[in-house]
Structures are given as structure tokens and as C-alpha cells.
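*Asks:*
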Amino acid sequence: MGMNGSNLSVPMGRMYISEEMREVTMDILESGSWIKGPESKKFGKEWAEYCGAVGGSPCSNGSVALIAALRVLGVKHGDEVIVPSHTYISSATCISIVGAKPVFVEIEEEYYTIDPKKVEEAITQKTKAIIAVHLYGQPVNPEIFEIGKKNNIPVIEDAAQGHGGKLNGKMIGSFGDIATFSFFPSKNMAVGGDGGAITTTRMDLVEKIGKFIDHGRTSKYINESLGTNFRLSEIQCGIGRVQLRSLDSWVIRRNEIASKYHDSFESLPWAREPKIREGALHAWHQYVLRVPDRDKFQEYMKENGISTGIHYPIPCHLQPVYLDGGFGSEENLEKTERICEEIVSIPVFPLLSDEEVEHVISTIERFEG
Ligand SMILES: Cc1ncc(COP(=O)(O)O)c(C=O)c1O
């Protein structure tokens, strides 16, 4: 029992499993068509349409989606790619995996997303792409896409946390040249395992993406260009199609919870609340507070049965993988390093009950920060 006498135990996420998902899974299993069948085609089409893109493909996960995106854009050894350091490590390692160099830049502190001014300053002759991460579900500053166009540099939206978010009525995934998504179980939408998708707003990239994730094939025995197997299974695509039908309502529920949190936490003197970009429908993959004494806060939440998380405690440029090998950032990323000490994520997933939301609120309100 928690300190306030509540028996509630609130996790950071909970799986959505429906009868329809069970039926689809069994039907596909029994059909014997486990890969490259009708579900993959339909899911690829429906997902691209949902995102306001012209095409794309489901793929194995959000990390390989980023690798595929860089490959189809021709990014290679010796090139530079601009990326925020405050993100999940995949946004950076995809760059190193294709042999290019991640150039880490600062974020806009109040929105947690890449700072357009810093992007402009970081552009060199070697810059071949920009990765803009819609972190926590916050749409990135749209100036990034103008900077990309002006300098003829493609922009990849890393939308692994942005499913269903919008800016000025335009879907996340419809802004850049390419967008990549993850359907990891905790994401805004899932596929019953690891999963991902790549979408594009450019007709010239549609076929390239489809080919890259399937061995560069033009027919069964002809491998025209370099590719590999980054496909997603039929069962997972089928599950994804069912989940997609609920995505909008889940994003609405996430916003409802976030707005209750906002009303309750805005007057707390010890916490800094997340800000929403003007014109945004935030996808609220994470609801992130800034709390100076984070250890004490997390311990207190745990004692009250509420899980919390840190997304992410170590910025990419300070990860061991980037401290050696000459990839360390040249720039001082003071804001990124500062916020990593204070950020803490609290449960905001759509299956939270009203009672659980109230428990989170009343617990936080009683915290002596
Ligand atoms: C911002 C970001 N990019 C990329 C990824 C990688 O996705 P996956 O875990 O599906 O490989 C994630 C997911 O964890 C993420 O949050």
C-alpha cells in the first residue's frame, strides 16, 4: 500500500490487446502467408496515407528505418549528418552505422527538440542530411524544413515518438523528405513485437525504400541495388492495421491526460512543466517534468506505487560509444547536459484510468519539492 493508503500501482505503459487483434493474428497464421503478403502492402499504404506521405514501407524497427532512410538518401562514409544529442541513441548510431559522422547540436530548451539556429550554424559542405526528432511527441520547429530546402539538404523526421501528432493541421511525417517510425511496444501504436515504418513525401524515393528493405530486388532472383532484409512480418502488419484504427482516439486521450496534468501542475513551485509548441497537436509519447531533486521525486513516486522514467539520462554525445573514436561533439551542449539531470517522465499512456490519473495528480501535488 502506498504512503497515502492507495493500493493503486501505476506503470509507465500497458499493452492494448483486442479480440480483433487475436482474430487477425490467427487468420494470418493459418493463411500460411507470413511475409510479403497482402497485410504488408495494405499497412504500408494505410500508414503512409495516415501520415500524409506519398508512400513507404513497414520495416523491422525504428532503428533500421533510420538506417534505410540514410541509405536511400545516399549518405555514406565521410558525410556529416546533423542530429540533436538529446534523443534516443538510435537517432545517432544510424549515422555512424552508414559510415557518416553525427554532428550533435543543441535543443530548444522549452520544447526539447532540435534548435534551428544551431542546425544552420552546423551546416558544412559535408552535411548530407538533418535528422529532426519529434521527441516526446512534440512536433519539431518547422523552420528546420525551410533550412533543409534552402541549403538543399534532405531532412529526416525521426518520428519514433510522434505517431498521430500534428503541427498547424499537418501530420508528423508529412514535413520532411523521409519520416521514420517505431512500433516498439511502448510507443503510441504497436504491432505485437519490434516494428517500424519508413514514409516519404517524395515520389522518387518510394520505390527505393521498398527495394532497400527487400534486398534491392526487382524480381525474385534479381538484386538490382544494395539492400537487405528489413521487412516486417504479415502478422505484425495485420496487428498494426488494427491498432491504427484506434490511434487518433489514443492521441486524444493522451492530450486529455496531459491537459489535466497541466491544470494541476502549473502552479507547483518546484516543477517545470512541458510546453506545447504553438499550433501543435502534441502526440504526448512522454509527459516530461523537470524536477531539481529528481532522485527524491522518483523515490517518492515509487513509494506511492507510481512508475517514472528518464528519457534520457545520458545525452548521445556523452555515451561511451561516442567518447572515443573521434565522434565527440565539438560544440558545448550545455542545455542538453543540464536538462538530462532534471527530466523525469510520468505515466501518460491512453489506457490509464481516470482514477489512476487522479492518483498521479494527487500524489505529485503532495510532494514536498
Ligand atoms: C527517438 C527514437 N528514435 C529511434 C528509435 C528506435 O526505434 P526501435 O526501438 O524500434 O528500434 C526510438 C525508439 O526507441 C526512439 O525513441
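Residue numbers (my numbering): 135 to 503.
Cβ coordinates follow ideal geometry from the N, Cα and C atoms, glycine included.
Name the residue from Tyr355, Pro408 and Asp348 whose alpha carbon lies nearest to the alpha carbon of Gly361.
*Replies:* Of Tyr355, Pro408 and Asp348, the residue nearest in Cα terms is Asp348.
*Asks:* At what residues does the beta strand (DSSP E) containing Val482 begin and finish?
*Replies:* That residue, Val482, is in no beta strand (DSSP E); it is neither H nor E in DSSP.
*Asks:* Within this structure, are the beta carbons of Ala293 and Thr261 separated by less than 8 Å?
*Replies:* No; because the gap between Cβ atoms is not below 8 Å, this pair is not in contact.
*Asks:* Would you check if the region 392-401 and the region 414-431 touch, i.e. whether three or more CB-CB distances between them fall below 8 Å?
*Replies:* The region 414-431, when compared against the region 392-401, does touch it at the 8 Å Cβ threshold.
*Asks:* If you scan the region 189-269 from start to end, which runs of the beta strand (DSSP E) of 3 or more residues do you find wholly inside it?
*Replies:* Counting only runs of 3 or more, we get 189-193, 214-218, 235-239 and 261-267.
*Asks:* For Ala414, does the three-state DSSP call read helix, strand or coil?
*Replies:* Note: Ala414 maps to strand in three-state DSSP.
*Asks:* DSSP state of Phe309, grouped into three classes?
*Replies:* Correct three-state label for Phe309: coil.
*Asks:* For Cys153, report the span of its alpha helix (DSSP H) as first-last.
*Replies:* The sequence as given places Glu at residue 153; Cys does not occur at that position. Segment Glu153 to Ser165, the alpha helix (DSSP H) holding Glu153.
*Asks:* Taking Phe364 as the reference, which of Phe177, Lys469, His493 and Val198 has the closest Cα?
*Replies:* It is Val198 whose Cα lies nearest to the Cα of Phe364.
*Asks:* Quick one: residues in its chain with C-beta nearer than 7 Å to the C-beta of Pro447, no 5 flanking neighbours on either side, listed in chain order?
*Replies:* So the list reads Cys474, once near-sequence residues are dropped.
*Asks:* Within 7 Å: the Cβ of Thr227 and any heavy atom of ligand 1?
*Replies:* Outside the cutoff, so no.
*Asks:* Give the residues whose C-beta lies closer than 6 Å to at least one heavy atom of ligand 1, in chain order.
*Replies:* With the cut-off at 6 Å, the residues found are Asn195, Gly196, Ser197, Thr221, Tyr222, Ser224, Ser225, Val267, Asp292, Ala294, Gln295, Ser316, Phe318, Asp328 and Gly330.
*Asks:* Pick helix, strand or coil for Tyr355, following the three-state DSSP scheme.
*Replies:* Looking at Tyr355 - three-state DSSP - the assignment turns out to be coil, as it is neither helix nor strand.
*Asks:* So what's Arg406 in DSSP terms, helix, strand or just coil?
*Replies:* DSSP places Arg406 in strand when its eight states are reduced to three.
*Asks:* If you run the structure through DSSP and keep just helix, strand and coil, what is Arg424?
*Replies:* Three-state result, Arg424: strand.
*Asks:* Quick check: the region 205-221 against the region 262-273, are there 3 or more CB pairs under 8 Å?
*Replies:* Contact between the region 205-221 and the region 262-273 is present, because at least three Cβ pairs lie under 8 Å.
*Asks:* In the DSSP assignment, find the unbroken alpha helix (DSSP H) run with Thr470 in it and report its ends.
*Replies:* Taken as a continuous stretch (DSSP letters only), the alpha helix (DSSP H) holding Thr470 covers Glu468 to Cys474.
*Asks:* If you follow the beta strand (DSSP E) that Gly330 is in, where does it begin and where does it stop?
*Replies:* Its beta strand (DSSP E) spans residues Gly330 to Thr334.
*Asks:* How close, in whole Å, do the beta carbons of Val289 and Val188 come, if the pair is a contact with beta carbons under 8 Å?
*Replies:* Wrong, their Cβ atoms sit about 16 Å apart, outside the cutoff.
*Asks:* Decide if the region 201-213 is in contact with the region 368-376; the criterion is three or more beta carbon pairs, one per stretch, under 8 Å apart.
*Replies:* Not touching, per the Cβ criterion.
*Asks:* Less than 8 Å between the beta carbons of Gly233 and His211, yes or no?
*Replies:* Yes, Cβ-Cβ distance for Gly233 and His211 is below 8 Å.
*Asks:* When you compare only the Cα positions, how much space is there between Lys108 and Val482?
*Replies:* Residue 108 is absent from the structure shown; the chain starts at 135 and stops at 503.
*Asks:* Flag this pair as yes or no: are the beta carbons of Gly372 and Ser359 separated by less than 8 Å?
*Replies:* The answer is no: Cβ separation not under 8 Å.
*Asks:* Looking only at DSSP bridge pairs, what is Phe177 linked to?
*Replies:* Answer by DSSP bridge pairing: none, since Phe177 is not bridged.
*Asks:* If Asp305 and Cys193 are in contact, beta carbons under 8 Å, what's the gap, nearest whole angstrom?
*Replies:* Here residue 305 is Met; the residue named in the question, Asp, does not match the sequence. Actually they are not in contact, since the Cβ atoms of Met305 and Cys193 sit about 19 Å apart, beyond 8 Å.
*Asks:* Considering just the uninterrupted stretch of the alpha helix (DSSP H) at Ile373, what are its terminal residues?
*Replies:* Unbroken alpha helix (DSSP H) run through Ile373: Glu368 to Phe399.
*Asks:* Contact criterion: CB-CB distance below 8 Å. Does Val237 meet it with respect to chain C?
*Replies:* Of the protein chains in the structure, only one exists, and it is not chain C.
*Asks:* Quick check: what's the CA-CA separation for Glu183 versus Gly307?
*Replies:* Roughly 10 Å between the two C-alpha positions.
*Asks:* Note down the Cα distance separating Val491 from Ile444, rounded to an integer number of angstroms.
*Replies:* C-alpha separation (whole angstroms): 19 Å.
*Asks:* Looking at C-alpha atoms only, which residue of Ile480, Val215 and Ser165 is the closest neighbour of Phe431?
*Replies:* Selected option, being the one with the closest Cα: Ile480.
*Asks:* Per DSSP, Ser316 forms a beta bridge with which residues?
*Replies:* The partner list for Ser316 (beta bridge, DSSP) reads Gly330.
*Asks:* Are the beta-carbon atoms belonging to Gly271 and Ala405 less than 8 Å from one another?
*Replies:* No, these two residues do not count as a Cβ contact at 8 Å.
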